[in-house]
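Quick note: the sequence shown uses the working numbering, first residue 1081, plus one each step.
C-beta atoms are modelled at their ideal positions from N, C-alpha and C, and glycine is treated no differently.
All figures in this text were calculated on a predicted structure; none of them were measured in a lab.
Okay, structure first, notes after.
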Amino acid sequence: MTINTGNLSKALPESVRQHNRAILLRLLYPDVSMTRADLARASGLTRVAISDIVAELLGEHLLMEVGYSKSTGPGKRGRLLRINPDGRSILALDLSTPYVFRGAVLNLTGQVVAREEIPLTTDGKVPLDLVGELSDSLMQRAAHPIMGIGVSSPGIVSAEGVVDDATNLGWVQTDLRGYLHEKTGLEVTVNNDANNEVLAERQFGSGQSDLLLVHLGNGVGAGLLVSGELVTGCNRAAGEIGHVVVDPTGPQCRCGKRGCLESLISVPRLTAAMDRDPDNLASILRRAGELLGRVLTMPAGLMDIPRVTVLGDSRVVNRIFLSAMEKTMNDALATDFRRPLVVDRSALGEDAALLGACSTVVADLIEPDGTV
1081 MTINTGNLSK ALPESVRQHN RAILLRLLYP DVSMTRADLA RASGLTRVAI SDIVAELLGE
1141 HLLMEVGYSK STGPGKRGRL LRINPDGRSI LALDLSTPYV FRGAVLNLTG QVVAREEIPL
1201 TTDGKVPLDL VGELSDSLMQ RAAHPIMGIG VSSPGIVSAE GVVDDATNLG WVQTDLRGYL
1261 HEKTGLEVTV NNDANNEVLA ERQFGSGQSD LLLVHLGNGV GAGLLVSGEL VTGCNRAAGE
1321 IGHVVVDPTG PQCRCGKRGC LESLISVPRL TAAMDRDPDN LASILRRAGE LLGRVLTMPA
1381 GLMDIPRVTV LGDSRVVNRI FLSAMEKTMN DALATDFRRP LVVDRSALGE DAALLGACST
1441 VVADLIEPDG TV
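Structure (C-alpha coordinates):
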(Lines of atoms letter the chains of each structure in order from A and count residues from 1; the text may use other names and numbers.)
(Lines give C-alpha, C1' and ligand atoms only; values in the text may rest on other atoms or scores of the structure.)
Protein backbone atom coordinates (compact mmCIF):
# COMPACT_ATOMS: atom_id res chain seq x y z
CA MET A 1 0.00 0.00 0.00
CA THR A 2 1.41 3.43 -0.99
CA ILE A 3 0.41 6.61 0.81
CA ASN A 4 1.05 9.78 -1.21
CA THR A 5 1.06 12.32 1.58
CA GLY A 6 3.67 13.83 3.78
CA ASN A 7 2.26 14.47 7.23
CA LEU A 8 0.41 11.24 7.85
CA SER A 9 -0.71 11.96 11.40
CA LYS A 10 -2.43 15.18 10.30
CA ALA A 11 -3.67 14.27 6.84
CA LEU A 12 -5.03 10.77 7.31
CA PRO A 13 -7.96 9.43 9.31
CA GLU A 14 -7.07 8.00 12.71
CA SER A 15 -7.81 4.42 11.65
CA VAL A 16 -5.42 4.64 8.70
CA ARG A 17 -2.72 6.24 10.84
CA GLN A 18 -3.02 3.45 13.42
CA HIS A 19 -2.96 0.85 10.64
CA ASN A 20 0.29 2.23 9.23
CA ARG A 21 1.88 2.51 12.67
CA ALA A 22 1.06 -1.14 13.19
CA ILE A 23 2.61 -2.10 9.85
CA LEU A 24 5.92 -0.50 10.85
CA LEU A 25 5.93 -1.99 14.32
CA ARG A 26 5.10 -5.43 12.92
CA LEU A 27 8.10 -5.21 10.56
CA LEU A 28 10.38 -4.50 13.53
CA TYR A 29 8.83 -6.86 16.09
CA PRO A 30 10.31 -8.27 18.22
CA ASP A 31 13.99 -7.54 17.58
CA VAL A 32 14.55 -6.54 13.94
CA SER A 33 16.72 -3.49 13.09
CA MET A 34 15.83 -1.48 9.97
CA THR A 35 16.50 2.01 8.61
CA ARG A 36 13.78 4.40 7.56
CA ALA A 37 14.58 3.59 3.93
CA ASP A 38 14.26 -0.15 4.69
CA LEU A 39 10.86 0.46 6.27
CA ALA A 40 9.67 2.47 3.29
CA ARG A 41 10.63 -0.31 0.87
CA ALA A 42 9.12 -3.06 3.02
CA SER A 43 5.86 -1.24 3.82
CA GLY A 44 5.15 0.55 0.54
CA LEU A 45 4.71 3.84 2.40
CA THR A 46 6.50 6.98 1.21
CA ARG A 47 9.70 8.05 2.95
CA VAL A 48 8.01 11.23 4.10
CA ALA A 49 5.20 9.24 5.66
CA ILE A 50 7.70 6.88 7.28
CA SER A 51 9.62 9.81 8.72
CA ASP A 52 6.43 11.21 10.23
CA ILE A 53 5.36 7.91 11.83
CA VAL A 54 8.87 7.12 13.10
CA ALA A 55 9.14 10.53 14.74
CA GLU A 56 5.83 9.89 16.49
CA LEU A 57 6.90 6.42 17.68
CA LEU A 58 10.27 7.70 18.91
CA GLY A 59 8.47 10.43 20.83
CA GLU A 60 6.28 7.79 22.48
CA HIS A 61 9.37 5.70 23.36
CA LEU A 62 8.04 2.74 21.36
CA LEU A 63 11.08 2.85 19.04
CA MET A 64 14.74 3.61 19.66
CA GLU A 65 17.70 4.37 17.41
CA VAL A 66 20.53 1.83 17.74
CA GLY A 67 23.42 2.93 15.54
CA TYR A 68 23.93 3.00 11.80
CA SER A 69 23.47 0.60 8.89
CA LYS A 70 26.48 -0.91 7.17
CA SER A 71 27.92 1.19 4.37
CA THR A 72 27.16 -0.13 0.88
CA GLY A 73 28.83 2.66 -1.06
CA PRO A 74 29.01 6.45 -1.13
CA GLY A 75 26.35 8.33 0.74
CA LYS A 76 25.10 8.75 4.26
CA ARG A 77 24.46 5.66 6.39
CA GLY A 78 20.94 5.30 7.73
CA ARG A 79 20.07 5.23 11.43
CA LEU A 80 18.85 1.81 12.55
CA LEU A 81 15.54 1.59 14.39
CA ARG A 82 14.31 -1.10 16.80
CA ILE A 83 11.42 -1.72 19.10
CA ASN A 84 12.18 -0.25 22.53
CA PRO A 85 11.57 -3.25 24.83
CA ASP A 86 11.06 -0.97 27.82
CA GLY A 87 8.71 1.39 26.04
CA ARG A 88 5.77 -0.21 27.81
CA SER A 89 5.06 -2.80 30.49
CA ILE A 90 2.50 -5.56 29.97
CA LEU A 91 0.77 -7.47 32.73
CA ALA A 92 -0.04 -11.14 32.12
CA LEU A 93 -2.13 -13.46 34.29
CA ASP A 94 -2.27 -17.25 34.10
CA LEU A 95 -5.31 -18.59 35.96
CA SER A 96 -5.11 -22.11 34.53
CA THR A 97 -2.89 -23.89 37.05
CA PRO A 98 -4.68 -25.96 39.72
CA TYR A 99 -3.50 -24.46 43.02
CA VAL A 100 -2.06 -21.04 42.27
CA PHE A 101 -2.71 -17.94 40.13
CA ARG A 102 0.47 -16.81 38.37
CA GLY A 103 1.27 -13.36 37.04
CA ALA A 104 4.13 -11.52 35.42
CA VAL A 105 5.24 -8.11 34.25
CA LEU A 106 6.71 -8.40 30.75
CA ASN A 107 8.32 -5.91 28.44
CA LEU A 108 7.16 -5.25 24.88
CA THR A 109 9.20 -8.11 23.42
CA GLY A 110 7.90 -10.73 25.85
CA GLN A 111 10.73 -10.83 28.38
CA VAL A 112 9.57 -11.48 31.94
CA VAL A 113 10.87 -8.78 34.28
CA ALA A 114 8.88 -9.63 37.44
CA ARG A 115 6.73 -12.49 38.73
CA GLU A 116 4.02 -12.91 41.33
CA GLU A 117 1.98 -15.88 42.58
CA ILE A 118 -1.11 -16.08 44.76
CA PRO A 119 -2.19 -19.49 46.12
CA LEU A 120 -5.80 -20.54 45.70
CA THR A 121 -6.46 -20.66 49.41
CA THR A 122 -9.40 -21.86 51.47
CA ASP A 123 -9.51 -18.79 53.73
CA GLY A 124 -12.80 -17.59 52.28
CA LYS A 125 -11.44 -15.45 49.45
CA VAL A 126 -13.20 -16.10 46.16
CA PRO A 127 -11.04 -16.54 43.03
CA LEU A 128 -12.13 -13.19 41.56
CA ASP A 129 -10.81 -11.35 44.63
CA LEU A 130 -7.48 -13.14 44.22
CA VAL A 131 -7.31 -12.06 40.55
CA GLY A 132 -7.77 -8.49 41.74
CA GLU A 133 -5.01 -8.84 44.34
CA LEU A 134 -2.65 -10.30 41.76
CA SER A 135 -3.28 -7.47 39.29
CA ASP A 136 -2.75 -4.86 42.05
CA SER A 137 0.57 -6.42 43.01
CA LEU A 138 1.79 -6.55 39.41
CA MET A 139 0.81 -2.93 38.75
CA GLN A 140 3.03 -1.86 41.64
CA ARG A 141 5.99 -3.72 40.12
CA ALA A 142 5.68 -2.28 36.60
CA ALA A 143 8.54 0.18 35.97
CA HIS A 144 7.15 1.61 32.72
CA PRO A 145 3.74 2.76 31.43
CA ILE A 146 1.38 -0.21 31.38
CA MET A 147 -0.08 -0.98 27.99
CA GLY A 148 -2.69 -3.47 29.17
CA ILE A 149 -3.48 -6.77 30.86
CA GLY A 150 -3.67 -10.14 29.11
CA VAL A 151 -5.34 -13.07 30.85
CA SER A 152 -5.19 -16.81 30.23
CA SER A 153 -8.26 -18.38 31.81
CA PRO A 154 -9.48 -21.95 31.98
CA GLY A 155 -12.84 -22.77 30.46
CA ILE A 156 -14.86 -21.27 27.65
CA VAL A 157 -14.27 -17.54 27.19
CA SER A 158 -16.43 -15.28 25.02
CA ALA A 159 -15.06 -12.71 22.58
CA GLU A 160 -16.06 -10.05 25.13
CA GLY A 161 -13.87 -11.58 27.85
CA VAL A 162 -16.70 -13.21 29.78
CA VAL A 163 -15.80 -16.62 31.22
CA ASP A 164 -18.90 -18.58 30.28
CA ASP A 165 -17.87 -21.69 32.16
CA ALA A 166 -14.81 -22.51 34.29
CA THR A 167 -15.99 -25.26 36.62
CA ASN A 168 -12.83 -25.53 38.70
CA LEU A 169 -13.07 -21.83 39.65
CA GLY A 170 -16.83 -21.84 40.10
CA TRP A 171 -17.23 -19.26 37.33
CA VAL A 172 -20.35 -19.11 35.16
CA GLN A 173 -20.94 -16.03 33.00
CA THR A 174 -18.23 -14.18 34.94
CA ASP A 175 -17.25 -10.88 33.31
CA LEU A 176 -13.54 -11.15 33.99
CA ARG A 177 -12.57 -8.51 31.45
CA GLY A 178 -15.10 -6.03 32.84
CA TYR A 179 -14.02 -6.70 36.42
CA LEU A 180 -10.31 -6.09 35.69
CA HIS A 181 -10.98 -3.06 33.50
CA GLU A 182 -13.11 -1.43 36.19
CA LYS A 183 -10.56 -2.25 38.88
CA THR A 184 -7.44 -1.08 37.01
CA GLY A 185 -8.63 1.29 34.28
CA LEU A 186 -6.47 -0.65 31.82
CA GLU A 187 -7.33 -2.34 28.55
CA VAL A 188 -7.86 -6.07 29.18
CA THR A 189 -7.93 -9.12 26.91
CA VAL A 190 -9.10 -12.53 28.15
CA ASN A 191 -8.62 -15.78 26.25
CA ASN A 192 -8.82 -19.48 26.96
CA ASP A 193 -5.44 -20.70 28.22
CA ALA A 194 -4.79 -23.21 25.40
CA ASN A 195 -5.69 -20.59 22.80
CA ASN A 196 -3.19 -18.19 24.32
CA GLU A 197 -0.57 -20.94 24.45
CA VAL A 198 -0.82 -21.63 20.74
CA LEU A 199 -0.49 -17.87 20.09
CA ALA A 200 2.64 -17.88 22.26
CA GLU A 201 4.07 -20.75 20.26
CA ARG A 202 3.53 -18.79 17.03
CA GLN A 203 5.04 -15.56 18.38
CA PHE A 204 7.79 -16.78 20.71
CA GLY A 205 8.26 -20.48 19.90
CA SER A 206 8.32 -22.41 16.64
CA GLY A 207 6.79 -19.58 14.61
CA GLN A 208 4.37 -21.97 12.89
CA SER A 209 1.24 -20.47 11.29
CA ASP A 210 -0.48 -23.86 11.05
CA LEU A 211 -0.25 -25.60 14.38
CA LEU A 212 -2.22 -27.74 16.78
CA LEU A 213 -1.10 -27.32 20.40
CA VAL A 214 -2.28 -29.69 23.15
CA HIS A 215 -1.85 -28.99 26.85
CA LEU A 216 -1.83 -31.97 29.19
CA GLY A 217 -2.36 -31.03 32.81
CA ASN A 218 -5.17 -31.76 35.24
CA GLY A 219 -7.29 -31.61 32.10
CA VAL A 220 -6.67 -31.77 28.37
CA GLY A 221 -7.16 -28.76 26.10
CA ALA A 222 -6.03 -27.68 22.66
CA GLY A 223 -5.47 -24.54 20.59
CA LEU A 224 -5.50 -24.45 16.80
CA LEU A 225 -3.94 -22.06 14.29
CA VAL A 226 -4.82 -22.30 10.59
CA SER A 227 -3.01 -19.94 8.20
CA GLY A 228 -2.03 -17.85 11.20
CA GLU A 229 -5.62 -17.43 12.41
CA LEU A 230 -6.80 -18.67 15.79
CA VAL A 231 -9.72 -21.08 15.41
CA THR A 232 -12.24 -20.56 18.22
CA GLY A 233 -15.45 -22.04 16.81
CA CYS A 234 -19.02 -20.75 16.83
CA ASN A 235 -19.37 -21.40 20.57
CA ARG A 236 -15.79 -20.32 21.40
CA ALA A 237 -15.29 -23.96 22.46
CA ALA A 238 -12.84 -25.14 19.79
CA GLY A 239 -10.12 -27.21 21.47
CA GLU A 240 -12.28 -28.26 24.43
CA ILE A 241 -11.42 -31.92 23.90
CA GLY A 242 -10.94 -33.10 27.50
CA HIS A 243 -14.52 -34.27 27.91
CA VAL A 244 -14.92 -35.90 24.52
CA VAL A 245 -15.73 -39.58 25.16
CA VAL A 246 -13.13 -41.83 23.54
CA ASP A 247 -13.91 -45.06 25.43
CA PRO A 248 -17.53 -45.50 26.65
CA THR A 249 -16.39 -48.38 28.86
CA GLY A 250 -13.57 -46.34 30.42
CA PRO A 251 -13.28 -44.88 33.93
CA GLN A 252 -15.74 -42.43 35.41
CA CYS A 253 -14.78 -38.82 34.71
CA ARG A 254 -15.34 -35.94 37.12
CA CYS A 255 -17.88 -34.54 34.62
CA GLY A 256 -20.10 -37.60 35.15
CA LYS A 257 -19.46 -39.34 31.81
CA ARG A 258 -17.31 -42.42 31.30
CA GLY A 259 -14.17 -42.65 29.22
CA CYS A 260 -13.51 -38.95 28.58
CA LEU A 261 -10.07 -38.18 27.18
CA GLU A 262 -9.17 -36.37 30.43
CA SER A 263 -10.06 -39.42 32.52
CA LEU A 264 -7.59 -41.50 30.51
CA ILE A 265 -4.55 -39.31 29.83
CA SER A 266 -4.55 -36.32 32.19
CA VAL A 267 -1.24 -35.88 34.03
CA PRO A 268 -2.64 -36.95 37.45
CA ARG A 269 -4.18 -40.08 35.88
CA LEU A 270 -0.95 -41.07 34.10
CA THR A 271 1.43 -40.30 36.97
CA ALA A 272 -0.78 -42.30 39.34
CA ALA A 273 -0.66 -45.25 36.93
CA MET A 274 3.12 -44.91 36.66
CA ASP A 275 3.53 -44.81 40.44
CA ARG A 276 1.41 -47.97 40.81
CA ASP A 277 3.32 -49.84 38.12
CA PRO A 278 6.87 -48.42 37.83
CA ASP A 279 8.11 -51.44 35.88
CA ASN A 280 5.80 -50.58 32.97
CA LEU A 281 6.37 -46.84 32.60
CA ALA A 282 7.23 -47.10 28.90
CA SER A 283 4.14 -49.09 28.03
CA ILE A 284 1.84 -46.73 29.99
CA LEU A 285 3.26 -43.69 28.19
CA ARG A 286 3.25 -45.43 24.80
CA ARG A 287 -0.42 -46.33 25.10
CA ALA A 288 -1.29 -42.78 26.19
CA GLY A 289 0.63 -41.28 23.26
CA GLU A 290 -1.07 -43.65 20.84
CA LEU A 291 -4.50 -42.73 22.23
CA LEU A 292 -3.91 -38.99 21.92
CA GLY A 293 -2.50 -39.53 18.43
CA ARG A 294 -5.66 -41.36 17.33
CA VAL A 295 -7.87 -38.60 18.76
CA LEU A 296 -5.94 -35.85 16.96
CA THR A 297 -5.46 -37.61 13.63
CA MET A 298 -8.81 -36.53 12.18
CA PRO A 299 -8.56 -32.79 12.96
CA ALA A 300 -4.93 -32.78 11.79
CA GLY A 301 -5.96 -34.48 8.56
CA LEU A 302 -8.97 -32.21 8.02
CA MET A 303 -6.94 -29.02 8.46
CA ASP A 304 -3.70 -30.32 6.88
CA ILE A 305 -1.72 -29.42 10.01
CA PRO A 306 2.06 -30.03 9.67
CA ARG A 307 2.95 -29.88 13.38
CA VAL A 308 1.46 -30.83 16.73
CA THR A 309 3.10 -29.38 19.81
CA VAL A 310 2.45 -30.71 23.31
CA LEU A 311 2.76 -28.83 26.61
CA GLY A 312 2.89 -30.66 29.91
CA ASP A 313 4.85 -32.30 32.70
CA SER A 314 8.12 -33.77 31.40
CA ARG A 315 7.44 -37.01 33.28
CA VAL A 316 4.59 -37.60 30.82
CA VAL A 317 5.40 -35.50 27.76
CA ASN A 318 8.69 -37.18 26.97
CA ARG A 319 10.34 -38.96 24.04
CA ILE A 320 8.38 -42.21 24.53
CA PHE A 321 5.01 -40.43 24.63
CA LEU A 322 5.77 -38.10 21.71
CA SER A 323 7.26 -40.82 19.49
CA ALA A 324 4.21 -43.05 19.99
CA MET A 325 1.90 -40.15 19.23
CA GLU A 326 3.83 -39.13 16.10
CA LYS A 327 4.00 -42.68 14.73
CA THR A 328 0.29 -43.26 15.30
CA MET A 329 -0.64 -40.06 13.47
CA ASN A 330 1.72 -40.54 10.56
CA ASP A 331 0.69 -44.17 10.06
CA ALA A 332 -2.93 -43.05 9.78
CA LEU A 333 -2.27 -39.96 7.64
CA ALA A 334 0.35 -41.36 5.24
CA THR A 335 -0.26 -40.53 1.58
CA ASP A 336 1.97 -39.86 -1.42
CA PHE A 337 1.33 -36.10 -1.29
CA ARG A 338 1.52 -35.44 2.48
CA ARG A 339 4.81 -34.76 4.24
CA PRO A 340 5.21 -36.52 7.60
CA LEU A 341 3.67 -34.62 10.48
CA VAL A 342 5.98 -33.51 13.31
CA VAL A 343 5.05 -33.99 16.97
CA ASP A 344 7.22 -32.17 19.50
CA ARG A 345 7.30 -30.74 23.01
CA SER A 346 6.96 -26.99 23.46
CA ALA A 347 10.11 -25.25 24.63
CA LEU A 348 8.06 -22.47 26.27
CA GLY A 349 7.26 -24.53 29.36
CA GLU A 350 5.13 -23.10 32.14
CA ASP A 351 5.44 -19.55 30.75
CA ALA A 352 3.46 -20.35 27.60
CA ALA A 353 0.15 -19.07 28.98
CA LEU A 354 1.79 -15.85 30.23
CA LEU A 355 3.55 -15.26 26.91
CA GLY A 356 0.33 -15.87 25.02
CA ALA A 357 -1.53 -13.41 27.24
CA CYS A 358 1.24 -10.88 26.55
CA SER A 359 0.94 -11.43 22.78
CA THR A 360 -2.78 -10.57 22.82
CA VAL A 361 -1.96 -7.17 24.33
CA VAL A 362 0.93 -6.53 21.94
CA ALA A 363 -1.42 -7.34 19.04
CA ASP A 364 -3.08 -3.95 19.53
CA LEU A 365 0.24 -2.38 18.55
CA ILE A 366 1.65 -4.64 15.88
CA GLU A 367 -1.31 -6.18 14.06
CA PRO A 368 -2.76 -3.85 11.41
CA ASP A 369 -6.32 -4.95 12.23
CA GLY A 370 -5.66 -5.20 15.98
CA THR A 371 -6.47 -8.93 16.16
CA VAL A 372 -4.39 -11.96 17.01
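The shortest C-alpha to C-alpha distance from G1230 to any of D1174, N1100, T1189, P1328 is the one to D1174.
Using a Cβ distance threshold of 8 Å, L1143 and N1164 count as a contacting pair.
Out of G1167, L1160, M1354, the CA that lies nearest to the CA of H1141 is found in G1167.
Distance from the CA atom of E1267 to the CA atom of D1216, rounded to whole angstroms, is 14 Å.
In the DSSP assignment, T1269 forms a beta bridge with G1230. The region 1303 to 1310 makes contact with the region 1285 to 1293, as at least three CB pairs between them are under 8 Å. With respect to the 8 Å criterion, G1436 and L1279 are classified as neighbours on the basis of their beta carbons. Secondary structure at A1380: helix, using DSSP grouped into helix, strand and coil. DSSP lists T1389 as the beta-bridge partner residues of D1424.
The three-state reading of DSSP puts C1314 in coil, since its state is none of H, G, I, E or B. G1228 counts as buried, since no fewer than 16 other beta carbons sit within 10 angstroms of its beta carbon.
Spanning the alpha carbons of L1341 and R1334 requires a straight line of approximately 11 Å. In the structure shown, the three-state DSSP call for R1349 is helix.
C1340 is bridged by DSSP to V1325. Residues L1200 of the same chain have their beta carbon placed closer than 6 Å to that of Y1179, with the five preceding and five following residues left out of the count. For the pair M1383 and A1222, the Cα-to-Cα distance works out to about 41 Å.
In this chain, the beta strand (DSSP E) harbouring A1194 covers 1192 to 1199. Judged by pairs of C-beta atoms under 8 Å, the region 1421 to 1433 touches the region 1386 to 1406, as three or more such pairs exist. Counting along the chain, S1169 sits inside the beta strand (DSSP E) bounded by residues 1169 to 1174.
Note on geometry: alpha-carbon atoms of G1297 and L1350 lie some 10 Å from one another. In this structure the region 1391 to 1410 does not lie against the region 1184 to 1198, because fewer than three pairs of beta carbons, one per stretch, are closer than 8 Å. Setting aside the 5 residues that flank it on each side, T1312 is surrounded in the same chain by A1318, each with a C-beta closer than 6 Å to its C-beta; the list follows chain order. According to DSSP, residue pairing for I1446 in a beta bridge does not occur. In this structure, DSSP gives D1255 an extended state, which the three-state scheme calls strand. For N1410, same chain residues with a beta-carbon under 7 Å away, outside a window of 5 residues either side, are P1420, L1421 in chain order.
Between T1377 and A1412 a beta carbon distance of about 5 Å is seen, short of the 8 Å cut, so the two are scored as contacting.
DSSP places R1419 in the coil class of the three-state scheme, outside both helix and strand. Excluding its 5 nearest sequence neighbours in each direction, L1119 has C-beta neighbours in its own chain below 7 Å: L1104, L1107, I1130, listed in chain order.
P1348 and R1338 do not touch by the CB rule: their CB atoms are close to 17 Å apart, not below 8 Å. Cβ neighbours of P1110 within its own chain (closer than 7 Å, five residues either side excluded): I1163, T1189, G1190. Between the alpha carbons of G1212 and R1366 lies a distance of about 42 Å.
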